[in-house]
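Q:
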Amino acid sequence: MKAQIQRVLDALRDFITQHHYEDTPILTAYVGVDSTDADNRRDRPAWLIELKNEAKRIEADQCLQEMKRRDTKRQWADTEEAILSHLQDSKPQGRSIVIFTDHQDFLTLDLPVPMPTRLSFGLPQVKPLLFALDRYRKYLVVLFSEEDGKMVEVFLTAPTEEVTVNMGPSGGVSLRPGGRTSRTQASERRDLDTERRVAADAAEAIHAHFTSDSEFEHIVFGGNLKMAHAVKHALHPAIYDQLVSIERIAHDSTPNEIAEVVKRVADETEAERDLATVDELISRRHACGTAVLEWQGVLAAIEQGQANKVYVSVPLDSDEFDELMLKSVLADCEIGFVHGDAAKRLNEFGGVAATLYYSGR
């Protein structure tokens, strides 16, 4: 996912730079083409209706003297037709699409997350894109029994707060060799060294699976709690900190049951991380000057090439940060979002902060 995000941002940066967004208004179209939605599989898909309604709203919002000119109306009609033709003729690879256009050139990006259909005209609208990509999470869940560990992949997406669970045989962990009878007999003779070896073998298999997919961010253990704790202590140091919780999830839990637990764990993990991040930003500003708070200071750091990563509080109820976030993309700054109590804390400082490459003092 990280590589895909970088490709998306690189393409967006090139398009915006080449088309001089400061002088040329850009039409941004987010379209929810998700084929898993039954309403999008009809002859007249839901996204088509939503897009046409959005086009009417934009035309009403832009209903100035300029919009009454025949050539301008024709230009808008041609752009709308081009977007519709592209979506109807192509086979989208993602669950939503974002299109940026100056009425002549088009940049189309497939997104792996569902997005509501929305049109905007003026500054390129990168905020929904950045927020959705930032909150895309992939967890590895390992559910232990007396005999094996079942690996389950869980995806969490924003802004729909959707949780998807892949229960397929993506890999497993063998805890006891041989048939059930021999394993039962062997368990009676197993000493501490054997238990440690089994846990170490399981930990090695989990390490290999987790590191084989760069999209994995965290690990949750469940099932047999004794085995889960034994494997925890045998985990490779490279992924030990990625195990965020051991939960009472039954080995035979349904996808919905797994999703409910992982969503709660993810929310708690993100809340703790966000609070720690904001506290560190405030501390770094006071202690060594390698962080800056409030809108003007952050914008200046971005424009001067000092900003390393920009943090913005959520929810984003206004267009206040549109220009700042756009300039962050153009400057190749990483962007993160903080929620809940952390967002309230950051809002005391204008709702935005940034870490710096070096002290601004």
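Note that the working numbering has the sequence shown beginning at 3, numbered continuously upward.
Here a beta-carbon is modelled for each residue, glycine too, at the ideal position from N, C-alpha and C.
Since this is a predicted model, take the numbers as computed values, not measurements.
1) Would His211 pass as a contact of Gln244 if the rule is Cβ separation under 8 Å?
2) DSSP state of Ser98, grouped into three classes?
3) What does a CB cutoff of less than 6 Å around Val371 pick up in its chain, not counting 5 residues either side in sequence?
4) Give, in chain order, every unbroken run of the alpha helix (DSSP H) that is at least 4 residues long and sits entirely within the region 210–240.
5) Counting pairs of Cβ atoms below 8 Å between the region 242–260 and the region 314–331, do you hit three or more?
6) Touching or not, the region 44–53 and the region 129–146, by the rule of three or more beta carbon pairs under 8 Å?
7) Quick test of the definition: if touching needs 3 or more C-beta pairs under 8 Å, does the region 84–92 touch the region 276–290?
8) How would you label Gln8, buried or exposed, when you count the other beta carbons within 10 angstroms and need 16 or more for buried?
9) State yes or no: is the beta carbon of Ser315 nearer than 8 Å to at least one beta carbon in chain C?
10) Decide yes or no for the touch test of the region 301–321 against the region 104–120: beta carbon pairs closer than 8 Å, at least 3 of them.
11) By DSSP, does Gly353 sit in helix, in strand, or in coil?
12) Measuring alpha carbon to alpha carbon, tell me which residue in Ala293, His238, Leu111 is nearest Leu358.
13) Reducing DSSP to helix, strand and coil, say where Tyr138 ends up.
14) Anyone know if the C-beta pair for Val175 and Val167 falls short of 8 Å?
15) Beta-carbon within less than 7 Å of Leu366's beta-carbon, same chain only, minus the 5 sequence neighbours each way: which residues are those?
16) Out of Arg44, His21, Lys152, point me to the one whose CA is closest to Ile370's CA.
17) Residues bridged to Arg120 by DSSP?
18) Could you tell me how far apart the beta carbons of Leu109 and Val331 are, in whole angstroms, since I believe they sit closer than 8 Å?
19) Kindly indicate which residue of Lys265, Met117, Gly338 has the alpha-carbon position closest to the one of Gly96.
20) Find out if the Cβ-Cβ distance for the pair Val128, Val264 is shorter than 8 Å.
21) Here's the rule: buried if 16 or more other CB atoms are within 10 angstroms of the residue's CB, otherwise exposed. What is Gln67?
22) Taking the straight line between their C-alpha atoms, what separation do you get for Asp63 and Asn55?
23) Counting C-beta neighbours from all protein chains within 10 Å, is the total for Arg199 16 or more, i.e. buried, or is it exposed?
24) Compare the C-alpha of Glu1 against each of Gly225, Met229, Leu348 and name the closest.
25) State the DSSP-derived secondary structure class of Tyr242, mapped to helix, strand or coil.
26) Taking the beta carbon of Gly307 as the centre, do at least 16 other beta carbons fall within 10 Å, making it buried, or is it exposed?
27) Exposed or buried, which one is Tyr360 when buried takes at least 16 other CB atoms within 10 Å?
28) Return the CA-CA distance between Asn42 and Leu29, expressed in angstroms with no decimal places.
29) Quick check on the burial criterion: 16 or more other C-beta atoms within 10 angstroms. Buried or exposed for Ala309?
30) Relative to the C-alpha of Gly338, which candidate in Ala134, Ile284, Pro114 has its C-alpha closest?
31) Helix, strand or coil, according to DSSP, for Met169 in the structure here?
32) Quick check on the burial criterion: 16 or more other C-beta atoms within 10 angstroms. Buried or exposed for Arg137?
33) Do Leu315 and Ala345 have their C-beta atoms within less than 8 Å of each other?
34) When you compare only the Cα positions, how much space is there between Thr271 and Gly225?
35) Beta-carbon within less than 8 Å of Thr213's beta-carbon, same chain only, minus the 5 sequence neighbours each way: which residues are those?
36) For Asp63, list the residues DSSP reports as bridge partners.
A: Quick look at the numbers:
1) For the pair His211 and Gln244, the CB atoms are not nearer than the 8 Å cut-off.
2) Shown here, Ser98 sits in a strand according to DSSP, grouped into three states.
3) Any question about residue 371 goes unanswered here, given that the chain covers just 3 to 363.
4) Assignment of alpha helix (DSSP H) within the region 210–240, counting only whole runs of 4 or more residues, yields 227–236 in chain order.
5) Segments in contact, no.
6) The region 44–53, when compared against the region 129–146, does not touch it at the 8 Å Cβ threshold.
7) Result no; under three Cβ-Cβ pairs closer than 8 Å.
8) It counts as exposed.
9) Of the protein chains in this structure there is only one, and it is not chain C.
10) Touching, no, given that fewer than three Cβ pairs across the two stretches are closer than 8 Å.
11) Coil at Gly353, not helix or strand.
12) Here the closest residue by C-alpha is Ala293.
13) Three-state result, Tyr138: coil.
14) Judged by their CB atoms, Val175 and Val167 are not nearer to each other than the 8 Å cut-off.
15) As shown, the chain starts at 3 and ends at 363. That puts residue 366 outside it, with no answer to give.
16) Since the first and last residues shown for the chain are 3 and 363, residue 370 lies out of range.
17) Answer is Tyr32.
18) Wrong, their Cβ atoms sit about 13 Å apart, outside the cutoff.
19) With distances taken between Cα atoms, Gly96 lies closest to Met117.
20) Contact flag unset, no.
21) Because Gln67 carries a pLDDT of 47, less than 50, the predicted location of this residue cannot be relied on, and no value is offered for it.
22) Going from the Cα of Asp63 to the Cα of Asn55 covers about 12 Å.
23) Result: exposed.
24) In the structure as shown, the chain starts at 3 and stops at 363, and residue 1 therefore has no counterpart that could be examined.
25) Of the three classes helix, strand and coil, the one that applies to Tyr242 here is helix, per DSSP.
26) With fewer than 16 Cβ atoms within 10 Å of its Cβ, Gly307 is classed as exposed.
27) Counting the other Cβ atoms within 10 Å of the Cβ of Tyr360 gives fewer than 16, which makes it exposed.
28) Going from the Cα of Asn42 to the Cα of Leu29 covers about 23 Å.
29) By the 10 Å Cβ count, Ala309 comes out buried.
30) Nearest option by C-alpha distance: Ala134.
31) Coil, per DSSP.
32) Label assigned to Arg137: buried.
33) Note that residue 315 corresponds to Ser in the displayed sequence, not to Leu. Yes, the Cβ-Cβ distance between Ser315 and Ala345 is below 8 Å.
34) If I take the Cα positions, the gap works out to 20 Å.
35) Taken in chain order, the residues that qualify are Ala240, Ile241.
36) Bridge partners of Asp63: none, in fact.
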